[in-house]
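Let me begin by presenting the structure, written as structure tokens, before commenting on it.
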Amino acid sequence: MRPKQVDQTLAMRRRSFLKSGLTAGGLSGFGMSLTDLLVGREATAAQAAGTSGQAKSCILLYMTGGPAQQETFDMKPKANQGYRGDFNPIETSVPGIEVCEHLPMMARQAHRYSVIRSTYHNSNTHG
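Final position of the sequence shown in my numbering is 129; the numbers increase by one with none missing.
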């Protein structure tokens, strides 16, 4: 079987998509505002100036209904039994960082990712 051929007359390039989105206010459909776009431009300018970090990409795990942080990447082994969960922490490739015993491959790759534990929000969706 051959892969489907994309009809280039129907394909929209990213640049033309963004232009049409900006003129029609289309970025709001993606949860973006003009402010968000301008912040992105500032970040791009900072990167060109060599003032940004080393990351080439970012994967955000927004796990609604997923496992709790105290049972995955932010275990609290010294907390009381009612809070800390049933699993044990294991060491990772980064000294001082521990993850759940059920994530051994993530533990071996810890030097390749970051765990952000400083997030704050006013959302009341946790129970």
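Cβ coordinates follow ideal geometry from the N, Cα and C atoms, glycine included.
Keep in mind it's a predicted model, so treat the numbers as computed, not measured.
Span of the beta strand (DSSP E), counted from its first residue to its last, around residue i
i	result
P91	91-93
V101	100-102
Residue i versus residue j: straight-line alpha-carbon distance, rounded
i	j	result
V96	M107	13 Å
Q72	S125	19 Å
Y85	I92	18 Å
G68	I61	16 Å
Y64	T94	22 Å
Test item: CB-CB of residue i and residue j under 9 Å
i	j	result
A70	S116	no
C102	T74	yes
K78	G87	yes
R119	D76	yes
H113	F89	no
Unbroken alpha helix (DSSP H) run spanning residue i, endpoints
i	result
P106	106-110
Residue i CB to nearest heavy atom of the ligand ATP below 8 Å
i	result
G68	No copy of the ligand ATP occurs in the structure displayed, which carries no ligand at all.
Three-state secondary structure (DSSP) of residue i
i	result
G84	helix
R119	coil
Q131	An answer regarding residue 131 cannot be provided, because it is not within the stretch 3 to 129 covered by the chain.
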